[in-house]
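Engineer: Below is one structure. I have some questions about it.
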Amino acid sequence: MSTTNTPTDTLPPALLDLLASMPELALALSGGLDSRFLTHAALLAGCRVTALHITGPHMPPRETAEARRWATARGATFTTVPLDPLTIPAIAAGDRDRCYHCKHAAFTALLATAAPLPLCDGTNADDLTAYRPGLRALRELGIRSPLAEAGLAKADIRALAARTGMDRPNQAARPCLLTRLAYGMRPDAATLARLAAAEEELEDLGLWDFRLRLAPDAPPRLQLGPAHAMPQAATAATTAAGTTPANFALPPPPPGDLLRILARHGFDDAAIDTGGPVSGYFDR
1 MSTTNTPTDT LPPALLDLLA SMPELALALS GGLDSRFLTH AALLAGCRVT
51 ALHITGPHMP PRETAEARRW ATARGATFTT VPLDPLTIPA IAAGDRDRCY
101 HCKHAAFTAL LATAAPLPLC DGTNADDLTA YRPGLRALRE LGIRSPLAEA
151 GLAKADIRAL AARTGMDRPN QAARPCLLTR LAYGMRPDAA TLARLAAAEE
201 ELEDLGLWDF RLRLAPDAPP RLQLGPAHAM PQAATAATTA AGTTPANFAL
251 PPPPPGDLLR ILARHGFDDA AIDTGGPVSG YFDR
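Right under this line is the structure:
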């Protein structure tokens with residue numbers, strides 16, 4: 001007799017056991033790969049999922065709209081939780097521990113909305129060994145991180161997402177807009193809105209591995225990651241899910257096109273950096 005594997009069979013037993021202990025749960029869904037995969041896995045495991053999504057000036061409107069569309073299309077309950085981190089003194093001052101304070105405020109609000117359900121987030125095993133100030137807030141608040149608890153790293157999550165049929169398994173990371181500003185800069189809603197609008201237009205032009213950075217007494221800096229700095233492959237290979245593989249390089253659009261977009265949103269005389277990692281720039 002032949003057997004047919006289902007997507008649930010592909011999920012690691014450790015993750016399935018964790019999800020089985022929470023048949024109804026709330027998930028912090030940012031719309032990034034990790035929180036999407038956790039939502040996807042929980043739904044495959046038969047959990048009743050309430051997806052909670054923080055909104056505020058630090059979150060691009062496009063990401064909120066996409067998170068809502070994605071979650072509701074899969075049968076999860078989707079709820080937005082408003083938060084204005086600019087009212088928190090440490091964040092308004094651009095302190096180095098702003099990520100801790102932002103995460104603590106966000107998950108305090110999420111916990112209040114989730115109650116009495118357990119609240120989980122998409123922290124993965126790689127995050128536990130990286131510089132992630134927000135992890136302290138998660139520990140203090142007792143947030144569950146099933147992906148990290150199951151020992152799943154980012155590469156594992158990408159592979160499992162592809163094998164279980166989740167869309168965009170090679171989605172690039174897009175952290176909140178506050179990370180685009182150097183420590184010590186005082187963020188304001190207008191600047192964050194311009195950043196969001198400029199990055200959305202750059203995405204529409206074909207960029208996906210990039211950040212737009214702002215620092216005092218320096219021109220705006222558009223960082224293009226390795227995915228846009230290497231020669232294009234001979235054939236435009238794509239994954240079965242129709243997304244660009246993480247190791248497939250796409251050349252960036254002409255610099256003039258990029259600079260015109262930045263200038264249109266008030267980021268004049270910008271510099272363009274290519275080839276280096278774009279994550280954690282202000283923490284190096």
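Numbering-wise, the UniProt record's numbering puts 192 at position 192 of the sequence shown, and it's gapless, one number per residue.
For each residue, glycine too, the CB sits at the ideal point set by N, CA and C.
1) Count Cβ pairs between the segment 112-120 and the segment 203-223 that sit closer than 8 Å; are there 3 or more?
2) Are PRO61 and LEU192 touching if we call contact CB-CB under 7 Å?
3) Taking Cβ positions, are LEU19 and ALA45 nearer each other than 7 Å?
4) Nearest CA to the CA of PHE107: which residue from ARG136, GLY94, GLY31?
5) Specify the secondary structure class of THR10 as computed by DSSP and reduced to three states.
6) I'd like the list of long-range same chain contacts for ARG194, defined as Cβ closer than 6 Å, with 5 residues on each side in sequence excluded.
7) Distance, Cα to Cα, PRO226 vs ALA105?
8) Tell me the rounded alpha-carbon separation between ILE54 and VAL81.
9) Just the Cα atoms here: how many angstroms apart are ALA153 and LEU147?
10) Quick one: is TYR131 buried, meaning 16 or more other Cβ sit within 10 Å of its Cβ, or exposed?
11) Can you look up ASP273 in the DSSP assignment and give me helix, strand or coil?
12) Could you work out which residue in THR77, ALA67, PRO13 is closest to LEU33 when comparing CA atoms only?
13) Could you tell me the boundaries of the alpha helix (DSSP H) in which LEU27 lies?
14) Over what stretch of residues does the beta strand (DSSP E) that includes LEU177 continue unbroken?
15) Is PHE107 helix, strand or coil by DSSP?
16) Count the other C-beta atoms from every protein chain shown that fall within 10 angstroms of the C-beta of GLY165, then say buried if there are 16 or more, exposed otherwise.
17) Where do the ends of the beta strand (DSSP E) carrying LEU224 lie?
18) Quick one: complete alpha helix (DSSP H) runs, 4+ long, within the segment 167-214?
Structural biologist: Based on what the coordinates show:
1) no
2) Your numbering for residue 61 matches position 61 in the sequence shown. Your numbering for residue 192 matches position 192 in the sequence shown. It is not a contact, given that the beta carbons lie outside the stated cut-off.
3) The residue labelled residue 19 in the question sits at position 19 within the sequence shown. The residue labelled residue 45 in the question sits at position 45 within the sequence shown. Yes.
4) Start at 1 with the first residue of the sequence shown, and residue 107 comes out as number 107. Here the closest residue by C-alpha is ARG136.
5) The count along the sequence shown starts at 1 and reaches residue 10 at position 10. Here THR10 sits in helix by DSSP.
6) Your numbering for residue 194 matches position 194 in the sequence shown. Non-local C-beta neighbours of ARG194 in its own chain, meaning closer than 6 Å and more than five positions away in sequence, comprise HIS265, GLY266, ordered along the chain.
7) Start at 1 with the first residue of the sequence shown, and residue 226 comes out as number 226. Start at 1 with the first residue of the sequence shown, and residue 105 comes out as number 105. If I take the Cα positions, the gap works out to 34 Å.
8) Within the sequence shown, the letter at position 54 stands for residue 54. Within the sequence shown, the letter at position 81 stands for residue 81. Their Cα atoms are separated by approximately 5 Å.
9) Counted from its first residue, the sequence shown places residue 153 at position 153. Counted from its first residue, the sequence shown places residue 147 at position 147. Cα to Cα, ALA153 sits roughly 8 Å from LEU147.
10) Taking the sequence shown and counting its residues from 1, the one referred to as residue 131 is at position 131. Classification for TYR131: exposed.
11) On the sequence shown, residue 273 is found 273 positions in, with the first residue counted as 1. The answer is strand: DSSP assigns ASP273 an E or B state.
12) Reading the sequence shown from its first residue, position 33 is the one you call residue 33. Nearest option by C-alpha distance: ALA67.
13) Here residue 27 is taken as the residue at index 27 of the sequence shown, counted from 1. LEU27: not part of any alpha helix (DSSP H); member of the beta strand (DSSP E) spanning 24-28, first to last residue.
14) Along the sequence shown, read from residue 1 onward, the residue named residue 177 stands at position 177. Run containing LEU177: none; DSSP gives neither H nor E here.
15) Your numbering for residue 107 matches position 107 in the sequence shown. Reduced to three states, the DSSP call for PHE107 is helix.
16) Your numbering for residue 165 matches position 165 in the sequence shown. Its Cβ having fewer than 16 others within 10 Å, GLY165 is exposed.
17) Here residue 224 refers to the residue found at position 224 when the sequence shown is read from its first residue. It spans 221-224 - the beta strand (DSSP E) in which LEU224 sits, taken as one unbroken run.
18) 189-204
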